[in-house]
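Notes follow once the structure below has been shown.
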Amino acid sequence: MVRHASGRRRTVRCCPAPHALRGDLAIQPYRPPRPRRLRPGSLCNRNRCAREAASLIVYTEPELFADETPDVFAELNRAFMSPVVIRVPAGKVVVNPIVVTHHIAGDGIAVFPRLVIDAGADSEVTVVERFVAADGADDDRALVVPVLQVHAAQAARVKYLAINEVGINTWQIGNQQAVGDRDSSTLLATVTLGGDYVRARTEARLSGKGGSTKQVALYFAGGTQMHDFRTIQDHDAPNTSSDLLFKGAVQDHASSVYTGLIKIRKHANGTTAFQTNRNLTLSEGAWAESVPNLDIETNDVKCSHASTVGPIDEDQRFYLESRGVRPEVAERLVVLGFFEEVISQLPAGSIADDLRVRVSNKLDLGSAVSRQAVPA
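Residue numbers (my numbering): 182 to 557.
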């Protein structure tokens, strides 16, 4: 039984509450604030209205296209959502990234944000979506169920970055779907550092000839965190290309699972698709699993998939230590270098330095936990 913010009660079946969230949940649909002193429907940055944003419309409406794969959490989002739609007209190039921030606050709540990006023909836009714990809400129990829908029209270029820094008792279960038309280009990037249990399902479908898509992710789990990623690279047109690079690390007693699928349909001749997943296990109690898959229905393709799970390369560690670098510093440098390949591909380059600091801080936290676990 869940309680809507209006006081109505609903019974939700086939969707047991997480162990940390059992009991009544106050379901509060996300409602984006409307900018002040602006024409309704216009979009601006914090300091001034950007000239290129004058024709971008932010409003609420039903989703642009229905989810093809049924998912109980996506259905919950559809029932309780209050979506934000970013529509870029044909030929429009938005120079500065659009940032959408969700501040998660309130113990025992559930929120259902939905973001729709509709990019017209030959347009270009970069969107950053941040999920963060509000000040003083790091320990609050919460359930966050976000949905992303991207449509890139012919020759459109869409870059999207999701940053997860929710509280340690928050469960986040998200769905992302991108559809690219002829000669379009999409980039779906994810950074996951927070949360208790985090599951993200990402599907990129190429429905037009000559389209391309890229997926990159950085995830780092510590304590008892669990990160679960599921990806689909769906080639539904000829002469399309996709590239996926996911890199993760686990320490303490954390765990992660990656499951990926490259699907090439019968009529998708001339397809090029790559899938790579690399994982570092930084503690004996940490665990990671990688499950790549291929589903190919035609012969004229070029595909590969690769996955690794293991500790830090001892040769790299020894190389640094032999030059006077302390062991803990050597490990930090190896991990930062491991993630650098992903960081360099993130669409919003301005966050790179901050991200390196956060990864370094998480390494320090893991080292502190390990020292406490060692008996005196």
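By construction, the Cβ of each residue, glycine as well, lies at the ideal position given by its N, Cα and C atoms.
Which partner residues of residue i appear in the DSSP bridge assignment?
i	result
V281	E310
L134	No answer is possible for residue 134: the residues shown for the chain start at 182 and end at 557.
Y439	F410, S471
R446	According to DSSP, R446 bridges with nothing at all.
A402	V431
V559	The structure shown does not extend to residue 559, since the chain is modelled only from 182 to 557, so the question has no answer here.
A385	A359, Q414
A336	Partner(s): none; A336 has no beta bridge.
A299	A small correction: the amino acid at residue 299 is Asp; Ala does not occupy that position in the sequence shown. Its beta-bridge partners are R268, H332.
Residue i: buried (16+ other C-beta within 10 angstroms of its C-beta) or exposed?
i	result
A334	buried
P508	exposed
D545	exposed
R382	buried
L206	Any reading at L206 is ruled out, since the residue's pLDDT is 39, under 50, leaving its predicted position unreliable.
T489	exposed
K543	buried
K483	exposed
A271	exposed
D476	exposed
A487	exposed
A533	exposed
T452	buried
T394	buried
G403	buried
V472	exposed
V540	buried
N480	exposed
H284	exposed
S365	buried
E465	exposed
G376	buried
G348	buried
G518	exposed
Could you pull out every residue in the same chain whose Cβ sits closer than 6 Å to the Cβ of residue i, ignoring the five residues on either side in sequence?
i	result
V372	I344, L399
S436	M407, W468
E384	Q358, I413
V274	E305
L329	L296, Q357
N474	L442
V438	D409, E470
P327	P294, G355
T457	L426, A487
S564	In the structure as shown, the chain starts at 182 and stops at 557, and residue 564 therefore has no counterpart that could be examined.
S485	F455
Under three-state DSSP, which class holds residue i?
i	result
L374	coil
D476	strand
L536	helix
A487	strand
Q497	helix
N350	coil
L544	helix
V331	strand
E256	helix
E465	coil
F293	coil
G505	coil
A207	With a pLDDT of only 42 at A207, under the threshold of 50, the placement of this residue in the model should not be trusted; the figure read from the coordinates follows. A207 falls in the strand class under three-state DSSP.
G355	strand
G391	coil
G361	strand
Grab the span of the beta strand (DSSP E) containing residue i for me, first residue to last.
i	result
G429	422-431
N460	452-462
V268	Val is not the amino acid found at residue 268; the sequence shown has Arg there. From DSSP, the beta strand (DSSP E) with R268 extends over 265-269.
A323	323-325
Given residue i, which residues of its chain have a CB within under 7 Å of its CB, disregarding the five upstream and five downstream residues?
i	result
L536	V372, I524
D362	A333, A334, Q335, S388, G389, G392
N450	P419, T479, D481
Could you please give the first and the last residue of the uninterrupted alpha helix (DSSP H) stretch that includes residue i?
i	result
A511	508-524
Using a Cβ-Cβ cutoff of less than 8 Å, which residues in the same chain neighbour residue i once the five nearest sequence positions on both sides are dropped?
i	result
V515	I493, D494, Q497, R498, L501
P528	P278, T307, V309, K340, Y341, L342, L368, A370
Could you tell me whether any Cβ in chain B is nearer than 8 Å to the Cβ of residue i?
i	result
F499	Absent from the structure is chain B; it holds one protein chain and no more.
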